Amino acid sequence: EEAIAFVDSLPSLTKEMSLSDFRNFWAGLLTMCEIKPKSPLEAFVKVMVPQEVRGLAAQFVFITGLEQGSFPRYYINDWKIHLRERLELKKTGVELETGEEYQTKEKMAFYWALQTARKKLYLVCQTQDNAGQPLNPSSFLEDIWQSWPDLLKYARSYPMALEPPHSLTECYSEMEQGSYLAAHLMAATSEIPELEKSDCLELLQKPVYQQLAQQMWQEVNWRTGENSLFGKPESRQRVAQIFGDEHIFAITSLEEYHSCPYRFFLKQLLKIKPFLRPQMLPDNLDLGNLYHQVLQEFAEAYRGQSLSPERDPEYQKILRDCFRDFYREWLQNAANDLVKLVLRLQETQIWGTLQHWLQTELDWAEKSNGRFMINFLEFGFGLIRGDFDPASLDRPYQLEVEDVLVQIWGKVDRIDADSDGNFVVYDYKSGRGPATKDILQADYFQIPVYLLALEALYFGEGKAVGGSYLGLKEPSRSRGGVWHQNRLRMDISGKCLLDEKEWQAWLSTVKNSLADSVRAIRNGDFFPTSGDCPVFCEFQSCCRRDERKVERTDETSAE
Numbered sequence: 028e029e030a031i032a033f034v035d036s037l038p039s040l041t042k043e044m045s046l047s048d049f050r051n052f053w054a055g056l057l058t059m060c061e062i063k064p065k066s067p068l069e070a071f072v073k074v075m076v077p078q079e080v081r082g083l084a085a086q087f088v089f090i091t092g093l094e095q096g097s098f099p100r101y102y103i104n105d106w107k108i109h110l111r112e113r114l115e116l117k118k119t120g121v122e123l124e125t126g127e128e129y130q131t132k133e134k135m136a137f138y139w140a141l142q143t144a145r146k147k148l149y150l151v152c153q154t155q156d157n158a159g160q161p162l163n164p165s166s167f168l169e170d171i172w173q174s175w176p177d178l179l180k181y182a183r184s185y186p187m188a189l190e191p192p193h194s195l196t197e198c199y200s201e202m203e204q205g206s207y208l209a210a211h212l213m214a215a216t217s218e219i220p221e222l223e224k225s226d227c228l229e230l231l232q233k234p235v236y237q238q239l240a241q242q243m244w245q246e247v248n249w250r251t252g253e254n255s256l257f258g259k260p261e262s263r264q265r266v267a268q269i270f271g272d273e274h275i276f277a278i279t280s281l282e283e284y285h286s287c288p289y290r291f292f293l294k295q296l297l298k299i300k301p302f303l304r305p306q307m308l309p310d311n312l313d314l315g316n317l318y319h320q321v322l323q324e325f326a327e328a329y330r331g332q333s334l335s336p337e338r339d340p341e342y343q344k345i346l347r348d349c350f351r352d353f354y355r356e357w358l359q360n361a362a363n364d365l366v367k368l369v370l371r372l373q374e375t376q377i378w379g380t381l382q383h384w385l386q387t388e389l390d391w392a393e394k395s396n397g398r399f400m401i402n403f404l405e406f407g408f409g410l411i412r413g414d415f416d417p418a419s420l421d422r423p424y425q426l427e428v429e430d431v432l433v434q435i436w437g438k439v440d441r442i443d444a445d446s447d448g449n450f451v452v453y454d455y456k457s458g459r460g461p462a463t464k465d466i467l468q469a470d471y472f473q474i475p476v477y478l479l480a481l482e483a484l485y486f487g488e489g490k491a492v493g494g495s496y497l498g499l500k501e502p503s504r505s506r507g508g509v510w511h512q513n514r515l516r517m518d519i520s521g522k523c524l525l526d527e528k529e530w531q532a533w534l535s536t537v538k539n540s541l542a543d544s545v546r547a548i549r550n551g552d553f554f555p556t557s558g559d560c561p562v563f564c565e566f567q568s569c570c571r572r573d574e575r576k577v578e579r580t581d582e583t584s585a586e
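Residue numbers for the sequence shown follow our numbering, so the first one is 28 and each next one is one higher.
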């Protein structure tokens with residue numbers, strides 16, 4: 028404003044000014060001007076990323092997100108150009124960030140954030156995430172603790188789930204009042220003192236809390252199954268007939284129920300087929316099928332043999348030939364030249380993944396002294412449909428736990444065995460595959476059920492050595508498998524080795540979990556999961572996990 032007023036006061040020039048003189052004029056003018064920042068009338072809160080606070084000051088500063096992997100963030104070294112080549116490019120003026128430079132930027136941002144505080148500085152970190160998994164403190168925090176250990180006495184720990192206020196006088200916001208009301212609405216009437224009843228009735232006079240109470244009632248009503256289809260005896264009886272003792276469950280369908288009962292309901296009972304949008308490029312399922320075909324074709328060439336590191340060149344050639352044959356089919360089915368170009372670019376990456384898998388197999392063969400040989404491929408038990416190993420069995424695996432009889436069918440990607448009939452099962456995954464921790468918690472059924480079924484139907488009791496999900500991006504028998512310590516007779520890092528007592532306890536947990544799932548299916552319990560929705564769920568567009576959102580949508584549509 029001062030500059031504009033000054034310009035207005037200047038007399039008009041009688042001649043044109045050169046651009047250079049004009050720039051010098053404005054540079055001098057702005058240098059002489061004093062711009063006073065507007066001071067706020069009241070305190071305010073400003074949220075900024077650490078990289079933007081350099082040179083700023085504030086009375087109270089909170090630095091949050093001080094967990095390892097968040098701040099400093101993990102540096103993913105996914106450059107296709109080697110570090111040495113990047114440094115050479117840097118000499119020519121092409122700047123490509125290195126890991127050391129990235130870490131330096133993070134450290135400087137933290138330093139600037141520390142310098143911002145004038146009165147008080149709060150360093151905030153979580154010890155666990157929203158799913159309850161432990162989190163490590165940031166290395167920045169650990170550096171501060173090591174430099175000033177006396178600061179630890181000022182540390183305060185707060186639970187993730189804060190307790191609701193005990194009285195209305197403790198509430199200072201609508202959120203706290205809502206929390207107070209919700210806690211009392213969920214309690215028995217006889218347990219609420221008269222004064223607190225009066226407080227709740229007073230809150231319920233306001234529309235916002237009336238809406239909260241209605242939403243809570245809908246949630247409880249929905250969760251308890253009142254007025255639902257399967258609250259009717261005839262409906263439950265019909266479901267029990269469909270999935271009765273004679274029904275043969277696919278092991279994958281029981282995993283579906285375990286991850287989300289509502290997904291099982293849509294897929295297995297209603298037989299809904301999701302609408303698939305046409306895609307120009309192959310999706311993850313197509314890629315998984317390609318990997319599967321290549322690995323099966325390669326393993327077929329060495330059935331009855333154990334791999335040997337000395338024959339690596341031979342294996343490379345056979346694997347390459349298998350890959351080229353199947354990849355050629357992909358190229359032939361490409362929609363246009365652009366898709367072919369993208370597939371060509373993917374070819375190197377996929378071949379690199381296959382080479383990494385082969386090296387992992389050779390390392391395992393060397394570590395196990397070639398003990399296990401490729402025995403069966405696509406070995407099925409129960410319902411035999413499509414391409415199965417000729418030795419497959421048409422008998423399903425039967426499991427009986429208390430009052431529940433379960434029949435299961437499945438198909439094992441690969442079974443290796445030694446000369447004494449001890450066997451190992453594998454299930455290929457195009458990604459990373461489930462972790463050992465999730466398998467031990469009985470979140471995934473395939474590996475343990477394969478072990479139980481093959482002992483009961485083919486190899487005999489006590490012959491199961493272990494099994495693993497082989498995620499092709501990071502194939503690891505220690506991070507994705509479970510092994511019987513005495514039968515394996517090898518040292519593997521991690522928590523995947525179980526002694527006999529732990530082994531039996533794990534299998535018992537799996538059996539009970541399977542029985543609980545089947546019992547719930549026959550009882551008509553098909554509510555959406557209370558945990559996180561599976562990211563791969565194909566029914567997200569018709570999910571009724573949040574009934575209230577659906578009801579609002581229905582009401583809006585009706586209006």
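Glycine residues also receive a C-beta, built at the ideal position from the N, C-alpha and C atoms.
Only a predicted model underlies this, so the values are computations on that prediction, with no experimental measurement involved.
Top-ranked residue by Cα proximity to residue i, from the options
| i | options | result |
| --- | --- | --- |
| R422 | I219, F406, R351 and I442 | F406 |
| G92 | E127, F137, F52 and S194 | F137 |
| G521 | S557, I411, E128 and T463 | T463 |
| L222 | H193, Y342 and C570 | H193 |
| D390 | D226, R338 and L228 | R338 |
| F81 | P176, I108, E133 and P417 | In the sequence under discussion, the amino acid at residue 81 is Arg, which differs from the Phe named in the question. When only C-alpha atoms are compared, the closest one is E133. |
| S557 | R290, T119, L179 and L114 | R290 |
| G409 | G205, F566 and S419 | S419 |
| M400 | S217, W357 and E327 | E327 |
| R100 | A209, Q78, Q295 and D313 | Q78 |
| Q320 | L541, W357, D272 and H285 | W357 |
| I90 | G96, V74 and Q425 | V74 |
| E273 | G120, L478 and Q425 | Q425 |
Exposure of residue i, with buried meaning 16 or more beta-carbon neighbours within 10 Å
| i | result |
| --- | --- |
| L297 | exposed |
| N449 | buried |
| D226 | buried |
| R506 | buried |
| I275 | exposed |
| F71 | exposed |
| T143 | buried |
| R111 | exposed |
| F87 | exposed |
| N402 | buried |
| S568 | exposed |
| E388 | buried |
| F563 | exposed |
| N254 | Annotation note: pLDDT 44 at N254 (below 50); position unreliable, coordinate value reported separately. N254 should be labelled exposed. |
| K538 | buried |
| V235 | exposed |
| L46 | exposed |
| V76 | exposed |
| Q504 | Going by the sequence as given, residue 504 is Arg instead of Gln. By the neighbour-count rule (16 or more Cβ atoms within 10 Å), R504 is buried. |
| S233 | Per the sequence shown, residue 233 should be read as Lys rather than Ser. Label assigned to K233: exposed. |
| R514 | buried |
| L534 | buried |
| G460 | buried |
| H109 | exposed |
Nearest-angstrom beta carbon gap, residue j and residue i [assumed within contact, 8 Å]
| i | j | result |
| --- | --- | --- |
| I442 | V452 | 6 Å |
| G494 | I474 | 4 Å |
| L497 | K456 | 7 Å |
| C523 | V545 | In fact, because the Cβ distance is near 28 Å, the residues do not count as touching under 8 Å. |
| P502 | W384 | 5 Å |
| Y471 | E282 | 6 Å |
| L346 | L381 | 6 Å |
| G437 | I278 | 4 Å |
| L239 | A214 | About 15 Å separates the two Cβ atoms, so there is no contact after all. |
Bridge-paired residues (DSSP) for residue i
| i | result |
| --- | --- |
| K147 | F87 |
| Y496 | D454 |
| E94 | P164 |
| R100 | G96 and S97 |
| I275 | Q434 |
| V509 | G494 |
| G407 | K438 |
| L524 | W510 |
| V400 | With the sequence shown as reference, residue 400 is identified as Met, and Val is not the correct amino acid for it. In the DSSP output, where bridge partners are listed per residue, M400 has A444. |
| Q155 | P161 |
request  = Within the segment 417-484, note down every full alpha helix (DSSP H) run reaching 4 residues or more, in order along the chain.
outcome  = 463-467 and 473-481
inquiry  = For a minimum of 4 consecutive residues, which ranges assigned as the alpha helix (DSSP H) are wholly contained in the segment 171-251?
reply    = 201-212, 221-230 and 234-250
ask   = For the segment 338-387, which segments carrying the alpha helix (DSSP H) assignment without a break, of at least 4 residues, lie completely within its bounds, in sequence order?
value = 339-359
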